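So the protein sequences, as listed, match chains V and B.
Mapping to the numbering used here: the first sequence position 282 is 279, numbers consecutive.
Mapping to the numbering used here: the second sequence position 259 is 256, numbers consecutive.
In this text, a Cβ means the ideal position worked out from N, Cα and C, and glycines have one as well.
Quick caveat: nothing in here was measured; it's all calculated off a predicted structure.
Protein chains: 2
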Amino acid sequence: MLTISERGIQMPASPIRKLVPFAEAAKKRGTRVYHLNIGQPDIETPPAIVGAVKHADIRVLEYSHSAGNESYRRKLVEYYKKVGIDISHEQIIITTGGSEAILFGFFTCLNPGDEVIIPEPFYANYNGFACTAGVNVVPITSYIENGFALPPIEEFEKVITPKTKGIVVCNPNNPTGYLYSREEMEALKEICIRHNLYLFSDEAYREFCYDGNYISAMHLQGLDEHVVLMDTISKRYSACGARIGAFVTRNKQVYDAAMKFAQARLSPPGLAQIMGEAAVDLPDDYFNEPKAEYQARRDLMISRLNKIPGVFCPNPGGAFYAIARLPIDDSDKFCQWLLESFEYDGQTVMLAPATGFYGTPGLGTNEIRLAYVLNLEALDNAMTVLEKALEVYPGRKG
Amino acid sequence: MLTISERGIQMPASPIRKLVPFAEAAKKRGTRVYHLNIGQPDIETPPAIVGAVKHADIRVLEYSHSAGNESYRRKLVEYYKKVGIDISHEQIIITTGGSEAILFGFFTCLNPGDEVIIPEPFYANYNGFACTAGVNVVPITSYIENGFALPPIEEFEKVITPKTKGIVVCNPNNPTGYLYSREEMEALKEICIRHNLYLFSDEAYREFCYDGNYISAMHLQGLDEHVVLMDTISKRYSACGARIGAFVTRNKQVYDAAMKFAQARLSPPGLAQIMGEAAVDLPDDYFNEPKAEYQARRDLMISRLNKIPGVFCPNPGGAFYAIARLPIDDSDKFCQWLLESFEYDGQTVMLAPATGFYGTPGLGTNEIRLAYVLNLEALDNAMTVLEKALEVYPGRKG
């Protein structure tokens, strides 16, 4: 018999997308589903960047340079300068979304069997990319009580082995919304230098910091050889479907090796590179509006969550996610129940069980992730639905 | 010291793109370079499909379904029906170019250390994808004397081991242009069934068959579980930069596992999916013109090549490539020399050394690959340049 690969068996199914059939069934029954389960913002993609594609003069849509169009990479240098990151266009590879940047980082820096440490809860697809690359994810737990702050450095030290080759940090964090402080980033730097580790830094949400300052891994002095920045325009410009990201490093050896993976797949998406390039020319105040909108949503959502009996949700400093603790038996059951068996006034809410974001089995069973990607009115309704649901959920605890 | 991965070291640099700096230098000197080195057609991308993107009403460019937009997959079912392939939209995953379809195939079906047999010369990036997946490529040699026909089945049998899990076939072939016959495809089928192998079928060039009929691996009866079709719109519609391909299989287990890799990277490029969908609605006679154009180019190029003393080039039945044997010492040296040290009337030609397409070291040293992606006049000039170059090349042999 033909068999699929071990990797194909072990590859995790998306913990977010596995509830999709239940959501589809709910919609077929006529229930309105509020999608707080996925980081797909409803913010308009800037018409100017969509327009750049519409007005482009394309006779032949050719392969671009494998690192992406030079004109785009040079533009990105300007963008990064604005956020305090000084790099050259020859330190950037345009990727197919942030996803490919992560894959290039893992493929280039890590051998099968190597370990990367990731504070949990973490972006679930890191598991998929690690599995693809044959890399083992070693989680160290951060806790809801202190808002998912970076675990103490001793916790990192405890799990470091000769196989440990890197740390993955997502700042501001998906799924917790936590914004790492200068001190925390410096602590990561120290440990990377002491143990000779790569720092893979996923900074997809840097524009959305509400309390405190965004510190890029690229801002850290003396860490040039260690840092691999994995970036994307998906959230920045509400252009998730574009699939344009960037792999950025000052480590020439890493860059050159990553370029070989980039060459094998020929080039990143051509039309969307035009969007990305145009985006750098958006007015500097472009982010004010979406940022204010997200902040208002956060304020509403966190406030409403913490008023629901038995619910606790720390106030996230950035991104557009929060993890809340609910008075429930099992977050997977609860999220499925919301879609299968509950409605309030013809509405229900789709959430992501936090279990999918933890590497340690058994954690997150009473936590869910919410993405505040809906407008204030929808979000307010969704909170009412959640409140009503918790009143009647059969698996309610505590 | 930080080290890059073994995979990063072993990953092959693109044998085509490594000559690029020499071509750039030649252009800077004012030399016109005819690019016959890469499969980047000069055929216009159909304005209707670019127009479909320009006229699309996009408020938020959202993630699509991880398998690609359902509307596009349903359209592709129509397309495949026209080429005699009967599949459903739930047997298709839209990929980021054919490249990602190949990667998904290898990741899903093959373990690190497994072997795939590929008739050589073969598309060089299979090496990169195999390296990425930790898979070993086992080449079996096809020969210029019989136009690079499929090697006899005994040659396959000789190299099959317990590690052998699949065969990769590219039909019509890149880099040879060879079009496999019904008998050859049936022979592949027999061996796949006998030895329980996957048949990974890269059919990027199916629209461009000039002599004889195109037989898809999907046309073979009784091979449903074995076939993974890796497809792309890059060449079909001269839309290489779109990065839209397809992974197609009737093997449900393989499909479901591949979907997990697709989910991890969220979705394929959004704008270009609109192009792909519109392309299915192009008039049925759309291909007549580009096909006639390629055929005229092939006829010109092959005829001119075979008139050059010491040159032999079989007549390829499909795609837009040919491999020619030249009276030279070393194809890598020759191709570099063309760019570095030669010009005729202010012009030179960029070719791909065939060495990069062979897995067996030492083969292809007197062969080069030509992509007939330039118009007839440019192609004719390029042939004159090549003829003149061979007259004076210091490493001429025979």
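Determine the closest residue to residue i out of the options, with distance taken between C-alpha atoms.
i, options, result
"A275 of chain V", "V:G125, V:Y31, V:M227 and V:Y76", "V:Y76"
"M256 of chain V", "B:L(-1), B:M(-2) and B:M8", "B:M8"
"V135 of chain B", "B:M380, B:T357, B:V370 and B:G395", "B:T357"
"I271 of chain V", "V:M(-2), V:S2 and V:Y69", "V:Y69"
"T158 of chain V", "V:H192, V:N168 and V:L176", "V:H192"
"E244 of chain B", "B:V225, B:Y234 and B:R262", "The sequence given here has Phe at residue 244 of chain B, not Glu. Closest by alpha carbon: B:V225."
"K160 of chain V", "V:D208, V:G110, V:E67 and V:C206", "V:G110"
"R203 of chain V", "V:G315, V:I99, V:G267 and V:E117", "V:G315"
"A10 of chain V", "B:Y252, B:P265 and B:S11", "B:Y252"
"Q37 of chain V", "B:E21, B:A20 and B:E59", "B:E59"
"G131 of chain B", "B:H223, B:V382, B:L268 and B:I6", "B:I6"
"A319 of chain V", "V:N372, V:A239, V:G144 and V:I230", "V:G144"
"F284 of chain V", "V:C332, V:L302 and V:S235", "V:S235"
"H86 of chain V", "V:A127, V:P266, V:R247 and V:T173", "V:R247"
"S264 of chain V", "V:G65, V:V57 and V:F317", "V:G65"
"F103 of chain B", "B:Y123, B:N168, B:I84 and B:E117", "B:Y123"
"P280 of chain V", "V:E183, V:I40 and V:K79", "V:K79"
Identify the contact partners of residue i in chain B, using a Cβ-Cβ distance below 7 Å as the criterion.
i, result
"E3 of chain V", "N108"
"Y60 of chain V", "Q37, C237 and G238"
"M8 of chain V", "A254, K257 and F258"
With which residues is residue i paired in a DSSP beta bridge?
i, result
"T229 of chain V", "V:G242"
"V132 of chain B", "Partner(s): none; V132 of chain B has no beta bridge."
"G163 of chain B", "B:V113 and B:Y195"
"V156 of chain B", "For V156 of chain B, which the question treats as bridged, DSSP gives no partner whatsoever."
"C206 of chain B", "B:G315"
"V30 of chain V", "V:T345"
"L367 of chain V", "V:A319"
"P350 of chain B", "B:I365"
Name the chain V residues that come within less than 7 Å of residue i, Cβ to Cβ?
i, result
"K51 of chain B", "K51"
"A269 of chain B", "P266 and L268"
Residue i by DSSP, collapsed to three states: which one?
i, result
"H223 of chain V", "coil"
"P287 of chain V", "helix"
"P38 of chain V", "coil"
"R322 of chain B", "strand"
"F145 of chain B", "coil"
"R14 of chain B", "helix"
"P44 of chain V", "helix"
"T93 of chain V", "coil"
"A379 of chain V", "helix"
"I137 of chain B", "strand"
"F309 of chain B", "strand"
"R403 of chain B", "In the structure as shown, chain B begins at -2 and stops at 395. Residue 403 of chain B is therefore absent and cannot be evaluated."
"R295 of chain B", "helix"
"R56 of chain V", "coil"
"R71 of chain V", "helix"
"R393 of chain V", "strand"
"V80 of chain V", "coil"
"H62 of chain V", "coil"
"I212 of chain V", "coil"
"M182 of chain V", "helix"
Identify the contact partners of residue i in chain B, using a Cβ-Cβ distance below 8 Å as the criterion.
i, result
"S96 of chain V", "A261, R262 and L263"
"S11 of chain V", "S63, K257, Q260 and A261"
"T129 of chain V", "F104, F258 and A261"
"R14 of chain V", "S63 and Q260"
"A379 of chain V", "Residues of chain B passing the Cβ test: none, with the nearest at roughly 18 Å."
So with CB distances below 9 Å, who are the chain V contacts of residue i?
i, result
"T93 of chain B", "T93, G94, E97, R240, R262, P265 and P266"
"N285 of chain B", "Simply none; closest approach about 19 Å."
"A375 of chain B", "Near A375 of chain B there are no residues of chain V at all, since even the closest Cβ is about 14 Å away, more than 9 Å."
"N122 of chain B", "Q260, A261, R262 and L263"
Can you pull the chain B residues whose beta carbon is under 9 Å from the beta carbon of residue i, in chain order?
i, result
"A293 of chain V", "By Cβ distance, chain B contributes nothing, its closest Cβ being about 19 Å from A293 of chain V, past 9 Å."
Is residue i close to chain C? Criterion is C-beta to C-beta, closer than 8 Å.
i, result
"I55 of chain B", "Looking for chain C here will not work: the only protein chains present are V and B."
How about residue i: is its Cβ closer than 7 Å to a heavy atom in the ligand NAP?
i, result
"P149 of chain B", "Inclusion of the ligand NAP in the displayed structure is not the case, the ligand content being empty and no account of it being possible."
Note down, in chain order, every chain V residue with its Cβ under 8 Å from the Cβ of residue i.
i, result
"N193 of chain B", "M(-2) and L(-1)"
Which residues of the region 27 to 46 of chain B have a Cβ closer than 8 Å to any Cβ of chain V? Give them in chain order.
I35, Q37, P38, D39, I40, E41 and T42
For the region 239 to 250 of chain V, which residues have a beta carbon sitting closer than 9 Å to at least one beta carbon of chain B?
A239, R240, I241, N248 and Q250
Interfacial residues, the region 195 to 229 of chain V to chain B, with Cβ spacing under 9 Å:
Y195, E222 and H223
Taking only beta carbons into account, state which residues of the region 125 to 156 of chain V come closer than 7 Å to chain B, listed in chain order.
G125, F126, T129 and G131
Using a beta-carbon distance cut-off of less than 8 Å, what residues from the region 342 to 359 of chain B approach chain V?
none
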